[in-house]
Amino acid sequence: MIRLSRLLLLAGICSVQAAAAQYSGYVFSDDNKNGLREPREKGIAGVRVSDGLNVLVTDSDGAFTLPGHARNRFVFITTPAGYRTTKAFYMPLSPKTEAYNFGLQPVQQNGTFLRITDTETAQFDNWVTDVKQYARNEKADFLIHTGDICYEKGMNFHAAQVNTQTMDLPVYYAIGNHDLVKGAYGEELYESLFGPVFYSFESGKVHYIVTPMRSGDYKPSYTDEDVYQWLKNDLAKADPAKPVVIFNHDLLTYDSTFRFKDLVLNEHRLKAWIYGHWHINFSRMHGQNGVRSICAAPAAGGGIDNSACNFDVFSTDGSGITDIRRRYTYAHRKLAMLYAAGRDVTVNAYHTASPVKSVTVRTFDQKGNALQVLSLTPQSDWNWRGGQLHAKAHTAATEALLNNGEILFTRDTIGNTRLVASGNLKGNIWRSAPVSGDNLVFIATIDDELNRHCGISAMDFNGKVKWQFRTRNSVKNMLSYANGTVLGTDAEGYTYAVDAKTGRLKWEHQGGLNSLPEYCSGGIVDGDSYYTGAGKYLQALSIKDGSVKWTNTGWAGGEGTPATIVQQGNLLAVSSNWNALFMHEASTGKLLWKKNNAGIRFRSSTPVFADGELIVCGTEFIHFLDPQTGRTKDSIPVSDGIKTMAAPVVTPQHIIVSGAAEGLVAFDRTTHNEAWRFKPGEAIFYSAPYSKPSSATIESTPLFVNGRLYAAALDGRLYVLDAQTGKVLQQEDVGCPIFAPVAREGQLTLLSDFAGNVYFFKL
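Just so you know, the sequence shown maps onto residues -20 to -1, 1 to 743 in mature numbering (1 follows the signal peptide of the UniProt record, and there is no 0).
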């Protein structure tokens, strides 16, 4: 008993000593870059050092002594602006470590950084090279991954392939829910590869903070209280004049006040909250306080809501975030020149690894004599315009000069063109097909960066922009037109009714969206009603004044989906990704039934009413449902996963659907046997959920007119197919991915591309 008491006393003393252990070291100028502190190398004063709870600054000699704490695992520094660490910014605690020394090297910083998120892969692909080359070409200060690296294989892959040495710039990580894996505690593997789960660093004129996902697949050892106590101490030592940017795997709040326990982060000059988790391209301002939150789809593949794969490029100064530019991965050396009947020139030019600096078109006559040099002006992130081809031009040589000095080149023979006119709207166009009314065409644009170029626009049939109405956020999907009014709902759930002739706002309505995901579906008009929204903000609005006729109370939740609302009679079909297909009574909003089995739950495709049935694509089947009850009457298996936005197309002979990897497949309506396939070229970038190379994707719903199919693809081409055989009759290459369905007006084929162009073809 006495011996046991002595043992317990000894253990208690050891425990207290461990809890009270001190950790000392230096932060020094590593002049010879070997990571070792040597007598001639001077210490650096004023650098913040932490043990995960306490935060202090180095003295005039660069020395520090941390008190330590019971949950201590690392000593780490807040890397100061103008420096990078020779080795890591952290050191695991070890009884073998006599001093925790951190070598720093001075570096030039320009206030630019890159962000990737939710890559969820253990395979090397071109997105890694794209990010590395862009960082080198544009001299980025650092790269941050905001979580879901993902699982054991993914984390080991990233630790080996996407690190400070391989990418040639400082690389930081945040932990996501799928990075909490099996072990002694959820973050054990993450810590062994990437270090502490919360920390800070400075670059340029900004104080950056990385915080962890609160929960995940396995329980973490850290708590909110751990993060709070450290964060409070970190902010107390930070320069109050510097803006703060926080990285996390998820969004803290949709509200305008970013509060963590009793810390109001707005009061600490919080300017941006950069997160992932949702696999969407979405950016918004939180009230009038200047805090912007930014989410992104994965760099490695398509987003859950069919957002394009990308990495973010951020520019900063002493005010915070000054610019955001999405770079779409896998888009390599794309260049296409088109000219209209009036000889107006438009060029789409893009290369992921280096922005286009200038575009020049030179024309020559039949003998090769130079006629003119056109220097084009940028219109969007893809498009350049300006000038007309010389009347005697026989050939045109187009050059796009990249920032890295590389030149993209194409030569075209000038002849008859099927392009009647075109125009550009400055913003990108996602799923907004041209809608006609009042002798105008109406299109919606997106800007998932700073929300400067999102809105509703009108264009005449000569490609001239007549008016533009700016919306709060991106209008991602289809517009509607009714009796002189254009209607659309933006990503924040605001619905706008705009006068078709003038662009003047008639009314707007906030539908009640107060949390993620963003709204990316499309509404529909019937009589005096505009049906829009999803979940608890699914509503029927009066087209006249925006008053609410009914609000859904039958369901909530799910992810955002590009599937639009469809109606037949008093039936209203509404979709929610990762949730279900819902059928409502259009007149009252009453929920009639829902269906979420056989792949219908995970769906981006819009259902179609045809011949008394509701045809809906599951992930691996085409289902034929009874619209009144939701009962499955029949199904057709489809080998290619149906993850695209394209709705089924019903012709007299066929049902045609679009897979993410293999393009279109047609089935005989009577026998359900496969009739033909059409595979476009490889996608310029990827957007269908989790799609990656190799994928030949058609996201836009093909248009069936007079025995022909007009199908636009992510390879940048518009195809005209024989609907009976799938044979290509005509094609046009615009050099930019196309999401929006094709439209027809009289003899004109209307097409909108991701570059923000609207084309009027005569095909």
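Glycine included, every Cβ here is placed at the ideal spot set by N, Cα and C.
Checklist entry - Helix, strand or coil for residue 368 per DSSP? => result strand
Next on the checklist: Quick check: what's the CA-CA separation for residue 160 versus residue 133?
Outcome noted: 13 Å
Next on the checklist: Quick check on DSSP: helix, strand or coil for residue -2?
Outcome noted: Bear in mind that a pLDDT of 48 at residue -2, under 50, signals an unreliable position, so the number given afterwards is only what the model happens to contain. Correct three-state label for residue -2: helix.
Checklist entry - Tell me the DSSP bridge mates of residue 435? => result 425, 450
Next on the checklist: Can you tell me whether residue 258 is helix, strand or coil according to DSSP?
Outcome noted: coil
Next on the checklist: Here's the rule: buried if 16 or more other CB atoms are within 10 angstroms of the residue's CB, otherwise exposed. What is residue 314?
Outcome noted: Label assigned to residue 314: buried.
Checklist entry - Between the C-alpha atoms of residue 690 and residue 392, what's the straight-line distance to the nearest angstrom? => result 24 Å
Item to check | Check whether residue 208 and residue 167 have beta carbons under 9 Å apart | outcome: no
Checklist entry - What whole-angstrom Cβ distance do residue 135 and residue 157 have, given they're in contact under 8 Å? => result Wrong, their Cβ atoms sit about 13 Å apart, outside the cutoff.
Item to check | Status (buried if at least 16 other CB within 10 Å, exposed otherwise) for residue 733 | outcome: Counting other Cβ atoms within 10 Å of its Cβ, residue 733 reaches 16 or more and is therefore classed as buried.
Item to check | Distance, residue 614 Cα to residue 181 Cα | outcome: 58 Å
Next on the checklist: Check for me: the alpha helix (DSSP H) holding residue 650 runs from which residue to which?
Outcome noted: Per DSSP, residue 650 belongs to no alpha helix (DSSP H) and is neither H nor E.
Checklist entry - What are the boundary residues of the beta strand (DSSP E) that includes residue 757? => result As displayed, the chain neither begins before -20 nor continues past 743, which places residue 757 out of reach and without an answer.
Checklist entry - What's the C-alpha gap between residue 356 and residue 365? => result Straight-line Cα distance between these residues: approximately 5 Å.
Checklist entry - Can you tell me where the alpha helix (DSSP H) with residue 169 in it begins and where it stops? => result 168 to 174
Checklist entry - What are the residues that DSSP puts in a beta bridge with residue 589? => result 594
Item to check | N- and C-terminal bounds of the beta strand (DSSP E) containing residue 565 | outcome: 560 to 565
Next on the checklist: If contacts are defined as beta-carbon pairs under 8 Å, then residue 383 and residue 118 qualify, I think. What distance do you get, rounded to the angstrom?
Outcome noted: 7 Å
Next on the checklist: Which residue marks the beginning of the beta strand (DSSP E) containing residue 521, and which one marks its end?
Outcome noted: 519 to 522
Checklist entry - Can you give the Cα-Cα distance for residue 33 and residue 220, rounded to whole angstroms? => result 20 Å
Item to check | Delimiting residues of the beta strand (DSSP E) encompassing residue 328 | outcome: 324 to 330
Next on the checklist: Between the alpha carbons of residue 550 and residue 566, how many angstroms are there, rounded?
Outcome noted: 5 Å
Checklist entry - Between which two residues does the beta strand (DSSP E) containing residue 388 stretch? => result 387 to 393
Checklist entry - Hey, out of 429, 675, 436, 396, whose CA is closest to residue 412's CA? => result 436
Item to check | Proximal residues to residue -8 (C-beta, below 6 Å), its chain only, five neighbours per side dropped | outcome: With a pLDDT of only 33 at residue -8, under 50, the local geometry of the prediction cannot be trusted, and the value read off the model is given with reservation. Counting only Cβ-Cβ distances below 6 Å, and skipping sequence neighbours, we find nothing.
Checklist entry - Is the number of C-beta pairs between the stretch 267 to 282 and the stretch 67 to 74 that are closer than 8 Å three or more? => result no
Next on the checklist: Is the separation between the beta-carbon of residue 594 and that of residue 553 shorter than 9 Å?
Outcome noted: Result yes, Cβ atoms of residue 594 and residue 553 sit closer than 9 Å.
Checklist entry - Which same chain residues, not among the five before or five after residue 8, have their C-beta less than 8 Å away from its C-beta? => result 17, 21, 22, 23, 24, 42, 81, 82, 83, 84
Next on the checklist: Contact between the stretch 276 to 284 and the stretch 646 to 661 is defined here as three or more beta-carbon pairs at a separation below 8 Å; is this criterion met?
Outcome noted: No, because fewer than three Cβ pairs between the stretch 276 to 284 and the stretch 646 to 661 fall closer than 8 Å, the two stretches do not touch.
Checklist entry - Pairing CB atoms from the stretch 534 to 546 with CB atoms from the stretch 504 to 524, are three or more of them under 8 Å? => result yes
Checklist entry - What residues in its chain sit with their C-beta under 7 Å from that of residue 146, if we drop five residues either side in the sequence? => result none
Next on the checklist: Between residue 51 and chain C, is any beta-carbon pair separated by less than 9 Å?
Outcome noted: Reference to chain C is not applicable here, since this structure consists of a single protein chain.
Checklist entry - Quick one: complete beta strand (DSSP E) runs, 3+ long, within the stretch 84 to 141? => result 92 to 96, 122 to 125
Item to check | According to DSSP, residues forming a beta bridge with residue 300 | outcome: 297
Item to check | Cβ-Cβ separation, residue 51 to residue 37 (assumed contact under 8 Å), whole Å | outcome: Rounded, the Cβ-Cβ distance is 22 Å, inconsistent with contact.
Checklist entry - Taking residue 312 as the reference, which of 335, 323, 294, 320 has the closest Cα? => result 335
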